[in-house]
Amino acid sequence: VVNHTSDEHAWFVEACENPNSPERDYYIWRDEPNDLDSIFSGSAWEYDEKSGQYYLHFFSKKQPDLNWENEKLRQKIYEMMNFWIDKGIGGFRMDVIDM
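Residue numbers for the sequence shown follow full-length UniProt numbering, so the first one is 1 and each next one is one higher.
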């Protein structure tokens, strides 16, 4: 699924630890949450103590959503997809990317 990463992914770890990193904009952050709900119940926003902001997760808080408005992120995802396509993967799960 290319809608989100794990909260243990290197990009997200860097985004939390360094608000000035390029990876920070790979995710969606807010100072205050709005009323969006998670598919899995509760708020779609989780507070990150390290950065002092909330990040968006439409599913599990362990799966922060990617910011598809970021061109650099899109290029990274395309590179990853091409890597796996070149290895013969049959496809990608894209059912939640339009949320």
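Just so it is clear, CB atoms sit at the ideal spot from N, CA and C, and this is done for glycine as well.
Whether residue i touches residue j by CB criterion (8 Å)
i	j	result
His57	His9	no
Ile77	Tyr55	no
Ser51	Pro19	yes
Gln53	Asp35	no
Best match in the options for proximity to residue i [C-alpha to C-alpha]
i	options	result
Asp25	Gly90, Asn82, Arg93, Arg74	Arg74
Val96	Gly42, Lys72, Asp65, Ser6	Asp65
Residue i versus residue j: straight-line alpha-carbon distance, rounded
i	j	result
Ser38	Trp45	8 Å
residue 149	Val2	Not covered by the structure: residue 149. The range shown for the chain is 1 to 99.
Asp48	Cys16	7 Å
Ser21	Glu14	7 Å
Phe40	Lys61	9 Å
Gly90	Met81	11 Å
Neighbour-count burial assignment, residue i, 16 or more Cβ in a 10 Å radius
i	result
Phe12	buried
Asp86	exposed
Glu23	buried
Next item on the list: Could you pull out every unbroken alpha helix (DSSP H) segment of at least 4 residues lying fully inside the UniProt domain "Glycosyl hydrolase family 13 catalytic" (1-99), listed in chain order?
Entry: Restricted to the UniProt domain "Glycosyl hydrolase family 13 catalytic" (1-99), the alpha helix (DSSP H) segments that are unbroken, complete and at least 4 residues in length are 10-17, 71-86, listed in chain order.
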